[in-house]
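*Asks:* First the structure, which I've put down as structure tokens, then a few questions once you've had a look.
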Amino acid sequence: DPQRTAFLLRKQWTLYSVTPLYRFSDARLRDYARLLSAFIAAEKQKGWAVEVGVELDIKVAVSSLPDLRGSDQDQAAILVQLSSRSPASPKNSEEKVIWSGWFCCVSGDDLSENVPEDFTCLPLFLASGAESYTSIVGSWFQKTFDCCFRRLAISPLNLSWMAAMWTGCKVDKTASAMELVFSVPRLPQPLDISYAIHPEDAKALWDTVQKTPGEITQEEVDVFMNCLYSHFHRHFKIHLSATKLVKVSTTIASAHCDGIIKFLQSQYLTGVLMLLTELAISQIQ
Amino acid sequence: HLATSLPLPSERDHLRPRIDLIAFMIDIKSKYSLKNVEDSLAHVDASFFLGKVCFLVTGVGRVNYCSVEMNAIWKLGETYCSPVLFCELELEGIRVATAQRLLRMLQICAGHIPGVSALSFGSLMRSSADD
Numbered sequence: 001d002p003q004r005t006a007f008l009l010r011k012q013w014t015l016y017s018v019t020p021l022y023r024f025s026d027a028r029l030r031d032y033a034r035l036l037s038a039f040i041a042a043e044k045q046k047g048w049a050v051e052v053g054v055e056l057d058i059k060v061a062v063s064s065l066p067d068l069r070g071s072d073q074d075q076a077a078i079l080v081q082l083s084s085r086s087p088a089s090p091k092n093s094e095e096k097v098i099w100s101g102w103f104c105c106v107s108g109d110d111l112s113e114n115v116p117e118d119f120t121c122l123p124l125f126l127a128s129g130a131e132s133y134t135s136i137v138g139s140w141f142q143k144t145f146d147c148c149f150r151r152l153a154i155s156p157l158n159l160s161w162m163a164a165m166w167t168g169c170k171v172d173k174t175a176s177a178m179e180l181v182f183s184v185p186r187l188p189q190p191l192d193i194s195y196a197i198h199p200e201d202a203k204a205l206w207d208t209v210q211k212t213p214g215e216i217t218q219e220e221v222d223v224f225m226n227c228l229y230s231h232f233h234r235h236f237k238i239h240l241s242a243t244k245l246v247k248v249s250t251t252i253a254s255a256h257c258d259g260i261i262k263f264l265q266s267q268y269l270t271g272v273l274m275l276l277t278e279l280a281i282s283q284i285q
Numbered sequence: 001h002l003a004t005s006l007p008l009p010s011e012r013d014h015l016r017p018r019i020d021l022i023a024f025m026i027d028i029k030s031k032y033s034l035k036n037v038e039d040s041l042a043h044v045d046a047s048f049f050l051g052k053v054c055f056l057v058t059g060v061g062r063v064n065y066c067s068v069e070m071n072a073i074w075k076l077g078e079t080y081c082s083p084v085l086f087c088e089l090e091l092e093g094i095r096v097a098t099a100q101r102l103l104r105m106l107q108i109c110a111g112h113i114p115g116v117s118a119l120s121f122g123s124l125m126r127s128s129a130d131d
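So the sequences go chain by chain: A and B.
Take the first sequence: its letter number 232 is residue 232 in UniProt numbering, and every next letter is one higher.
Take the second sequence: its letter number 23 is residue 23 in UniProt numbering, and every next letter is one higher.
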């Protein structure tokens with residue numbers, strides 16, 4: 001249902017891998033919201049504050065997103081939202097969401113098949129909002145469910161898979177240009193190279209490379225990327241293959257090697273989550 | 001002797017001492033380095049592949065910087081019947097240990113170790129890697 005997940009699109013999410021949660025129950029979400037709220041209030045008392053002098057009354061909501069999963073084997077996604085009303089606005093005004101985080105698992109059978117009972121597999125965590133809130137919410141989950149959060153980085157190898165996979169996706173609306181950003185190593189001043197490719201050219205190239213629709217091999221990804229690199233070299237005499245691919249942007253989504261993702265098409269949301277779940281699981285194992 | 005690619009310039013051929021070991025360096029962070037090595041391999045005489053060639057893969061410390069696929073490297077080692085060594089140049093301990101390994105291999109390839117030939121050592125290294 002695209003309406004319910006529309007709020008996940010066009011927002012920058014920071015990625016984490018999460019080890020299985022011990023004794024987590026999706027029937028107790030209201031309790032967890034209460035406990036997390038109390039934890040945040042306690043931390044505030046201790047002197048942790050996002051803005052000095054601003055008294056923020058933070059409300060916590062924990063809910064389930066049943067549509068975000070690959071199969072019935074997967075645990076339904078869990079959404080945590082922190083909202084508050086700024087002290088300047090009137091008492092009955094609506095609260096604004098200041099931080100969101102969600103756990104999900106799309107086609108995570110590799111992990112869920114191998115954990116003992118009592119453990120819930122939600123290996124991918126996405127956060128949007130101030131880092132201090134992410135840290136507080138993360139600490140509470142780590143303490144309560146004995147799990148471990150780690151930033152999920154995306155290697156240049158995986159980014160090139162994403163570039164190839166997402167270029168091949170059909171989109172209804174006008175596709176936006178495919179952009180690849182490369183970081184040049186070993187220079188006194190940091191240098192980034194941005195390579196923008198017309199989406200139809202990119203798709204045409206990928207269509208000539210991919211042999212079986214629905215299947216992608218490492219070889220095909222290499223050929224695709226090498227074509228793009230050769231083209232660039234022909235014009236600029238720079239070997240992009242000697243640089244580090246740090247960001248890939250397509251109509252479907254954009255991904256950065258520091259583990260930051262932006263979903264741009266609801267139609268492919270689950271597909272991208274499946275890939276990210278796989279990356280999270282390999283970081284855990 | 002260090003070279004960025006092969007073939008070596010022919011002008012200095014007559015001054016060059018005998019080459020006993022070629023270590024091809026592949027930086028796992030650079031796809032270009034793999035391509036460079038693959039192109040250079042074509043210029044190596046077949047007799048070198050009897051134990052006088054090895055592949056040294058650097059930058060393996062950080063998985064998240066990986067631009068080269070591991071299978072491609074294993075395939076290279078298999079195709080050219082040569083051992084693949086891994087190291088992280090930024091860590092002094094590993095750098096020193098790797099240098100010592102290469103030196104040892106060089107001594108064998110140069111025939112300085114009685115009873116061990118480059119070929120026998122090369123096949124020993126490969127069979128232990130397969131296990």
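Glycine included, C-beta positions come from ideal geometry on N, C-alpha and C.
Along the stretch 2–13 of chain A, where does the CB come closer than 8 Å to a CB of chain B? Name the residues.
*Replies:* none
*Asks:* Need the endpoints of the beta strand (DSSP E) that V137(A) sits in, please.
*Replies:* V137(A) -> not in any beta strand (DSSP E); alpha helix (DSSP H) instead, spanning E131 to F145.
*Asks:* Checking 7 Å against the spacing of the C-beta atoms, do P123(A) and C147(A) come in under that value?
*Replies:* No, the Cβ-Cβ distance between P123(A) and C147(A) is not below 7 Å.
*Asks:* When you compare the CB positions of C81(B) and F49(B), do they come within less than 7 Å of one another, or not?
*Replies:* yes
*Asks:* Could one say the Cβ of I136(A) lies closer than 7 Å to chain B's Cβ atoms, at least one of them?
*Replies:* no
*Asks:* Cβ atoms of V246(A) and S183(A): under 7 Å apart, would you say?
*Replies:* yes
*Asks:* For the stretch 250–279 of chain A, list every residue whose C-beta sits within 8 Å of some C-beta in chain B, in sequence order.
*Replies:* C257
*Asks:* Drop a sphere of 10 angstroms on the beta-carbon of V52(A), count the other beta-carbons inside from all chains shown, and report buried for 16 or more, exposed for fewer.
*Replies:* Confidence at V52(A) is low in this model, with a pLDDT of 48, below 50, so its placement is unreliable and no value can be given for it.
*Asks:* Tell whether a beta-carbon distance below 7 Å holds between L82(A) and S63(A).
*Replies:* The answer is no: Cβ separation not under 7 Å.
*Asks:* Confirm, please, whether the CB-CB distance from D109(A) to Q73(A) is below 7 Å.
*Replies:* yes
*Asks:* Between the C-alpha atoms of P17(B) and L119(B), what's the straight-line distance to the nearest angstrom?
*Replies:* 21 Å
*Asks:* Does chain B have any CB closer than 7 Å to the CB of P156(A)?
*Replies:* yes
*Asks:* With DSSP as the reference, please indicate the residues paired to C169(A) in a beta bridge.
*Replies:* Answer is none; C169(A) lacks a bridge partner.
*Asks:* What are the start and end residues of the beta strand (DSSP E) that includes Y195(A)?
*Replies:* From DSSP, the beta strand (DSSP E) with Y195(A) extends over L191 to I197.
*Asks:* Below 8 Å on C-beta distance, what does L191(A) contact in chain B?
*Replies:* Those do not exist, as L191(A) stays about 15 Å from chain B at its closest Cβ, beyond 8 Å.
*Asks:* Exposed or buried, W74(B), counting other C-beta atoms within 10 Å across all chains shown (16 or more means buried)?
*Replies:* exposed
*Asks:* Mind pulling the chain B residues with CB within less than 9 Å of S241(A)?
*Replies:* Ordered by position in chain B, the residues that pass the 9 Å Cβ test against S241(A) are S30, K31, Y32, S33, L34, K35 and S67.
*Asks:* Quick one: is A175(A) near chain B, going by C-beta distance under 7 Å?
*Replies:* no
*Asks:* In chain order, what residues of the same chain have a beta carbon less than 8 Å from the beta carbon of A6(A), not counting five sequence neighbours either side?
*Replies:* S266
*Asks:* Is there contact here, the stretch 17–31 of chain B with the stretch 35–46 of chain A, by at least three beta-carbon pairs under 8 Å?
*Replies:* Segments in contact, no.
*Asks:* Comparing the C-beta of Q218(A) with each C-beta of chain B, is any distance below 7 Å?
*Replies:* Chain B, which has a Cβ nearer than 7 Å to the Cβ of Q218(A), makes this yes.
*Asks:* Cβ closer than 7 Å: which chain A residues qualify as neighbours of V63(B)?
*Replies:* S155
*Asks:* With a cut-off of 8 Å on the beta carbons, I'd call L106(B) and D45(B) a contact; round off their distance for me.
*Replies:* The pair is not a contact, with the Cβ atoms about 18 Å apart (cut-off 8 Å).
*Asks:* If we call anything under 7 Å between Cβ atoms a contact, is W140(A) one with T167(A)?
*Replies:* Contact check for W140(A) against T167(A) fails: the beta carbons are separated by 7 Å or more.
*Asks:* Below 8 Å on C-beta distance, what does L245(A) contact in chain B?
*Replies:* S67
*Asks:* Nearest CA to the CA of L126(A): which residue from W13(A), I238(A) and L35(A)?
*Replies:* For L126(A), the closest alpha carbon among the candidates W13(A), I238(A) and L35(A) is that of W13(A).
*Asks:* In three-state DSSP terms, what is R62(B)?
*Replies:* coil
*Asks:* How close, in whole Å, do the beta carbons of L91(B) and G61(B) come, if the pair is a contact with beta carbons under 8 Å?
*Replies:* In this structure L91(B) touches G61(B) by the C-beta definition: roughly 7 Å separates them, less than 8 Å.
*Asks:* Suppose you measure from the CA of E219(A) to the CA of P9(B); what does that come to, to the nearest Å?
*Replies:* Near 33 Å, if we compare the C-alpha coordinates of P9(B) and E219(A).
*Asks:* With C-beta atoms as the reference, is A196(A) less than 7 Å away from A177(A)?
*Replies:* Yes, these two residues count as a Cβ contact at 7 Å.
*Asks:* Skipping 5 residues on each side, what residues in its chain have a beta carbon closer than 6 Å to that of R101(B)?
*Replies:* none
*Asks:* Apart from the five residues on each side of it in sequence, which residues of its chain come closer than 7 Å, Cβ to Cβ, to A33(A)?
*Replies:* V60, A61 and V62
*Asks:* Applying the criterion that 16 or more other CB atoms from any shown protein chain within 10 Å of the CB defines a buried residue, is residue 301(A) buried or exposed?
*Replies:* The structure shown does not extend to residue 301(A), since chain A spans only 1 to 285, so no value can be given for it.
*Asks:* Identify whether Y80(B) lies in helix, strand or coil by the three-state DSSP scheme.
*Replies:* coil
*Asks:* On the DSSP bridge list, what partners appear for L245(A)?
*Replies:* F182(A)
*Asks:* Is the CB-CB distance between R157(A) and C66(B) below 7 Å?
*Replies:* In the sequence as displayed, the identity of residue 157(A) is Leu instead of Arg. Cβ distance < 7 Å, so L157(A) and C66(B) count as in contact.
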